[in-house]
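First up is the structure itself, then whatever we jot down about it.
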Amino acid sequence: MSSAVPNILADRYASPAMQDIWSAEGRIILEREFWIAVMKAQRGLGLSIPADTIAAYEKAKHNVNPDSIREREAVTKHDVKARIEEFNDLAGVEHIHKGMTSRDLTENVEQLQIWRSLELVATKATAVLLAFARRSEEYKGLVITGRTHNVAAQTTTFGKRLAMFGEDMLQAMQNLEQTMRQYAARGLKGAVGTQLDQLNLFEQNASQVSRLEDEVVKHLGIPRSLDNVGQVYPRSMDFEVVSALYQLGAGPSSFAKTLRLMAGHELAGEGFLPGQVGSSAMPHKMNSRSCERVNGFHVILRGYLEMAAGLSGDQWNEGDVSCSVVRRVMLPDAFFAIDGMFETLLTVLNNMGANPSMIEQENRRYLPFLLTTTVLMAAVKKGIGRETAHEVIKEHAVATAMDLRSCKISENDLFDRLGKDERLGLTPEYLRHIYESAGHATGAADPQVETFIKQVQKWGDAYPKAKDLQPGKIL
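The opening residue of the sequence shown carries number 64 in the numbering used here; numbering runs sequentially from there.
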């Protein structure tokens, strides 16, 4: 006898709250609640459905037997028909699914799962932003060697670096909110989108059918419904959702990659807990395993984005089921991936730390190089042509770098060389002043961090539950 193969993303990485939304049993209960909501609305609008019938379905809705449903599906070769028969037998009546096609059920329930998942993602993303803001505040005074092309460039602060990746996420949050604002339910539109069967049920009373759909959408909790659809809602909407998730993961992924680079130079790390092992072979290793996982989740999301793109713009006529197998994998797993990323990221942001002494060593080695643009501006203000000054500074900087790499010198003496070059027109005393003021040569880093923190606070107010959210899985 073979055991069920687990969903690795769900079982290993996603939080219980996200698992509950997409679990097989949870999905069946959501479907049954949807059927009951439709029946209640139909009864309220005059359709003949006895109250005790609805009560019978209510009593049976939590009695979920997946094995029994699978046995029925093996005969019917139709998953929705199998679930209809199962629910009817449990209730002892046959009143669900009147005037509905399978997609009236599955589309709306899947959209309900998407909607609830988006709400959870928004809360958890806000928790991540709050953690970024907290760490940005903590490290806003820690001067580090900023790098472009992974080469030492100018001074910045660790807090500014964290805020930089956080702002990437802020942009994504705005996009997520926009996606949620314009998200729309398919509603009860019938087999080809014309609502023909519901109109027949209600004796062609279009007003009654419109009220029925309003009640159903109200049950879903989704802001609005679409007006013109076929059997399925546009799959471009799935692309928009998964795209929003992918964008949400971009800033965290860039941060994780950068922290991995910093850890490799012992400048900072994601934390190493008591009892943790970095390598089964090399006892000294303290690998950035969690940050590596964050990067891996972003690759996974990219794959699901490609799947969503493949379905967008591929609708045949009023609809077909060729998208079904793709969406059954893509939709839940995309949410499991972003949820797992945030679970991991919250753990990293809670446990990470900087190594100021190692940062200071790096700063001492590179600081004269990092200040070359400041020297360049000083020379320009003295009346030296910019390109002339640039060439002089480059000449000495390259020579100094080569001497450091070949160990001809042990300390970076670039400023001594520049002070002796009369072409630059800057005295050794003035250059020494620039060097000694380097701790403040971080431009607008501090106010930029403060701006980021204020922006994050607004999201914290919008999602108050995020303030106390902690990762449920620490792996």
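Ideal Cβ placement from N, Cα and C applies to all residues, glycine included.
Nothing here was measured: the structure is a model prediction, and the numbers come from that model.
Since residue i contacts residue j with CB under 8 Å, what's their CB separation in whole angstroms?
| i | j | result |
| --- | --- | --- |
| Y76 | A417 | Not a contact, Cβ separation roughly 27 Å. |
| S299 | G376 | 7 Å |
| V127 | T169 | Not a contact, Cβ separation roughly 17 Å. |
| L93 | V172 | 5 Å |
| T437 | I497 | 6 Å |
| L364 | V184 | At roughly 12 Å, the Cβ-Cβ gap does not stay under 8 Å, so L364 and V184 are not in contact. |
| A371 | V272 | Contact flag wrong, Cβ pair sits at about 32 Å. |
| L412 | F195 | 7 Å |
| L489 | K444 | Contact doesn't hold; Cβ gap of about 10 Å is too wide. |
| L394 | I117 | About 30 Å; that fails the 8 Å criterion. |
| M415 | G332 | 7 Å |
| G334 | L289 | Not confirmed; about 46 Å, so no contact. |
| I99 | K122 | In fact, because the Cβ distance is near 11 Å, the residues do not count as touching under 8 Å. |
Closest by CA to residue i, which one among the options?
| i | options | result |
| --- | --- | --- |
| R428 | L532, E454, D142 and T463 | T463 |
| S500 | L434, N263 and A525 | L434 |
| E136 | D524, A442 and I147 | I147 |
| Q518 | G293, A226 and V362 | A226 |
| A190 | M232, A371, E454 and E134 | M232 |
| A247 | R274, V279, Q237 and A254 | V279 |
| T208 | T321, N268, A313 and A254 | T321 |
| G253 | Q245, R244 and N263 | N263 |
| F97 | T410, K444 and F150 | F150 |
| Q546 | Q234, G162, R390 and K124 | With the chain running from 64 to 538 in the structure shown, residue 546 is simply not present. |
| W522 | R210, A269 and E240 | E240 |
| P79 | K483, S180 and Q294 | S180 |
| V512 | E266, Q176, E200 and A73 | E200 |
| E425 | F360, L330 and G448 | L330 |
| N516 | V362, F228 and R449 | It should be pointed out that residue 516 corresponds to Ile in this sequence rather than to Asn. When only C-alpha atoms are compared, the closest one is F228. |
| E230 | G312, R249 and W379 | G312 |
| P510 | D479, T410 and T219 | T219 |
| L494 | T505, A507 and D476 | D476 |
| L481 | H459, M465 and D466 | H459 |
| E485 | M325, K471 and A442 | A442 |
| E369 | V392, H125 and M81 | V392 |
| K457 | L487, E474, L408 and D152 | L487 |
| E381 | L430, V292, V206 and H328 | V292 |
| E266 | D466, T164, F478 and Q105 | Q105 |
Under a Cβ-count criterion, where at least 16 other Cβ atoms within 10 Å of its own Cβ denotes burial, should residue i be classed as buried or exposed?
| i | result |
| --- | --- |
| D301 | buried |
| Q533 | exposed |
| Q310 | buried |
| M64 | Note on M64: pLDDT 41, under 50, position unreliable in the model; the coordinate value appears next. Exposed, by the Cβ-count rule. |
| E492 | exposed |
| I71 | exposed |
| V455 | buried |
| D167 | buried |
| K223 | buried |
| V295 | buried |
| P527 | exposed |
| S469 | exposed |
| T556 | This structure leaves residue 556 out entirely; the chain is present only between 64 and 538. |
| Q174 | buried |
| S270 | exposed |
| Q237 | exposed |
| V461 | exposed |
| A188 | buried |
| H141 | exposed |
| K530 | exposed |
| A145 | buried |
| A154 | buried |
| V101 | buried |
Counting only beta-carbon separations shorter than 8 Å, does residue i have a partner in chain C?
| i | result |
| --- | --- |
| S473 | Within the model displayed, chain C is absent; a lone protein chain is all it includes. |
**Message:** Quick check: the segment 389-405 against the segment 76-87, are at least 3 beta-carbon pairs closer than 8 Å?
**Reply:** yes
**Request:** Pair every Cβ in the segment 404-420 with every Cβ in the segment 354-370, then say whether three or more of these pairs are closer than 8 Å.
**Result:** Yes, they touch.
**Request:** Please specify which runs of the beta strand (DSSP E), each continuous and at least 3 residues long, are wholly inside the segment 171-251, giving them in chain order.
**Result:** 206-211 and 214-220
**Prompt:** Taking one C-beta from the segment 111-124 and one from the segment 149-162 each time, how about it: are there three or more such pairs within less than 8 Å?
**Reply:** yes
**Message:** Pairs of beta-carbons, one from the segment 304-324 and one from the segment 266-286, closer than 8 Å: are there three or more?
**Reply:** Touching, no, given that fewer than three Cβ pairs across the two stretches are closer than 8 Å.
**Prompt:** Which parts of the segment 377-440 are runs of the alpha helix (DSSP H), unbroken and 4 residues or longer, counting only runs that do not cross its ends?
**Reply:** 387-414 and 419-433
**Message:** Going residue by residue through the segment 74-134, where are the continuous alpha helix (DSSP H) segments of at least 4 residues, counting only ones entirely within it?
**Reply:** 79-85, 87-107 and 114-123
**Prompt:** Unbroken alpha helix (DSSP H) runs of length 4 or more, entirely within the segment 487-512: which are they?
**Reply:** 491-499
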